[in-house]
Amino acid sequence: MLRTIGRRLLLLIPTLFGLSVLLFLWVRALPGGPAVALLGERATPEAVERINELYGFNEPLYVQYFTWLGRLLTGDFGSSIQTGRPVLEEFFRRFPATLELSIAALIIAVGIGIPLGYWAARKHGKAWDHIAVVLSLVGITIPVFFLAFILKYVFAVQLGWLPSDGRQNPRIDATHYTNLYVLDGLITGEFDAAWDALLHLVLPALALGTIPLAIIVRITRASVLDVQNADYVRTGRAKGIGQSTLRNRFILRNAMLPVVTTVGLQAGLLISGAVLTETVFAFPGIGQFLARAIFTRDFPVLQGFIIFIAILYALINLLVDVSYSVIDPRVRVQ
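The numbering of the sequence shown is the UniProt record's numbering, which starts it at 1 and goes up by one.
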């Protein structure tokens with residue numbers, strides 16, 4: 001197992017190297033070059049020349065790339081053009097917010113998706129099955145930003161049941177150790193702060209978790225249908241094995257492998273795909289800051305954040321692969 005994990009971690013090296021090359025070429029391929037992109041309307045020939053000289057943009061491409069890569073390997077991701085602070089600092093200031101939102105969305109997606117998919121498979125061909133399929137199709141097709149605006153308008157603006165933006169009421173004087181606001185409130189015993197942070201999570205988590213929920217429902221339903229019609233399940237029924245044993249040990253456990261794969265992929269996508277949700281709800285995570293960096297052409301932030309997200313995505317997939325052997329002993333990670 002340790003050798004497998006080591007090999008998978010080593011595979012990160014060529015993956016991240018390829019990503020760094022693509023990122024570097026993307027920035028250099030912008031119309032007018034990165035200097036014009038940075039200066040915007042102030043891009044006079046003299047200013048462009050000063051920026052090119054300052055950042056080394058007038059050097060050959062391979063020299064620029066290896067200079068930039070060398071700084072990355074030493075942990076120097078540059079500084080944000082928006083704030084002037086190091087990219088590394090900006091990422092870790094905002095990552096707990098995105099992590100908390102992604103966990104909440106994943107809990108909603110898994111907590112509802114797997115039972116609903118399993119129930120639809122058990123009621124195959126009946127009304128509940130058709131309802132689950134229709135709802136999953138709606139969940140997949142509805143755009144995240146549209147659903148986010150609808151949820152915000154109905155539950156925050158019209159009904160006033162839930163907060164419309166932010167992570168916590170600014171009037172609450174809460175203590176933060178981990179910057180995971182709900183966890184911090186529970187750790188410190190500030191339950192009013194934890195409850196308020198949880199309320200702020202509900203709407204963005206619902207909006208972000210809808211598509212993963214719909215996908216998990218469909219994958220669970222299809223996997224359970226496939227397994228419950230397998231020969232070993234029919235043999236178990238013929239031998240008189242109890243329904244609870246059949247469901248838990250024969251059907252659910254064997255049906256979970258594709259579901260776990262889907263959950264792992266969706267977890268990675270939640271972290272990397274929270275841009276629209278965080279923007280609509282003014283949720284101060286990496287997605288909102290990344291969206292702002294796109295509009296302001298803050299290239300150090302874009303490059304640094306994308307590399308960090310790629311690392312997280314690869315590590316999540318590694319955890320999914322390792323979990324296979326826990327769910328099904330017949331599977332051994334190679």
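Glycine included, each C-beta is placed from N, C-alpha and C at the ideal position.
On a predicted model such as this, the values are computed, not experimentally measured, just so you know.
Just list the residues that DSSP pairs residue i with in beta bridges.
i, result
"Ser79", "Pro86"
Is residue i helix, strand or coil when you go by DSSP?
i, result
"Arg167", "coil"
"Asp321", "helix"
"Arg292", "helix"
"Phe281", "coil"
"Ile142", "coil"
"Ala238", "helix"
"Ala148", "helix"
"Trp161", "coil"
"Ala274", "coil"
"Asp298", "coil"
"Ala29", "coil"
"Gln334", "Residue placement at Gln334 cannot be trusted, given a pLDDT of 47 that sits under 50; the coordinates are not used to answer."
Which stretch, first to last residue, makes up the alpha helix (DSSP H) that contains residue i?
i, result
"Ala156", "Counting along the chain, Ala156 falls outside any alpha helix (DSSP H), and DSSP gives it neither H nor E."
"Asn52", "Pro45 to Tyr55"
"Trp195", "Phe191 to Gln228"
"Thr175", "Unbroken run through Thr175: none, as it is neither H nor E."
Could you pull out every residue in the same chain whose Cβ sits closer than 7 Å to the Cβ of residue i, ignoring the five residues on either side in sequence?
i, result
"Pro163", "Ala156, Leu199 and His200"
"Ile316", "Gly264, Ala267 and Gly268"
"Val110", "Ile216 and Val263"
"Trp161", "Phe155"
"Ala205", "Leu101, Ala104, Ala105 and Ile108"
"Pro284", "Arg94, Ala97 and Arg167"
"Ser223", "Ala255, Pro258 and Val259"
"Ala197", "Arg167, Gln168, Tyr181, Val182 and Gly185"
"Tyr153", "none"
"Lys126", "none"
"Phe145", "Leu276 and Val280"
Might you give, ordered along the chain, the residues of its own chain that have their beta carbon closer than 6 Å to the beta carbon of residue i, omitting 5 neighbours on each side?
i, result
"Asn58", "Asn52"
"Ala148", "Ala207, Thr277 and Val280"
"Ile81", "Asp298"
"Tyr65", "Phe24"
"Glu190", "Ala174"
"Leu116", "Ala132 and Val217"
"Trp136", "Sequence inspection shows Ser at residue 136; the Trp mentioned does not correspond to that position. The answer, listed in chain order, is Ala214, Val217 and Arg218."
Excluding the five sequence neighbours on either side, which residues of its own chain have a C-beta within less than 8 Å of the C-beta of residue i, listed in chain order?
i, result
"Gly113", "Pro212, Leu213, Ala214, Ile215, Ile216, Val217 and Thr220"
"Ala230", "Asn254"
"Leu88", "Gly75, Phe77 and Gly304"
"Thr83", "Glu90"
"Ser79", "Arg85, Pro86, Val87 and Pro300"
"Trp119", "Trp128 and Ala132"
"Gly287", "Thr98, Gly273, Ala274, Val275, Leu276, Thr277, Glu278 and Thr279"
"Asp192", "Ile172 and Gly185"
Check the Cβ-Cβ distances between residue i and every residue of chain C, and say whether any is below 7 Å.
i, result
"His124", "No chain C is part of this structure, which consists of one protein chain only."
Let me check you understand the geometry: is the CB of residue i closer than 6 Å to at least one non-hydrogen atom of the ligand SAM?
i, result
"Ala47", "In terms of ligand content, the structure shown is empty, and the ligand SAM therefore cannot be addressed."
Ranges of the alpha helix (DSSP H) found wholly within the segment 57 to 138, counting only runs of at least 4: 61 to 73 and 87 to 122
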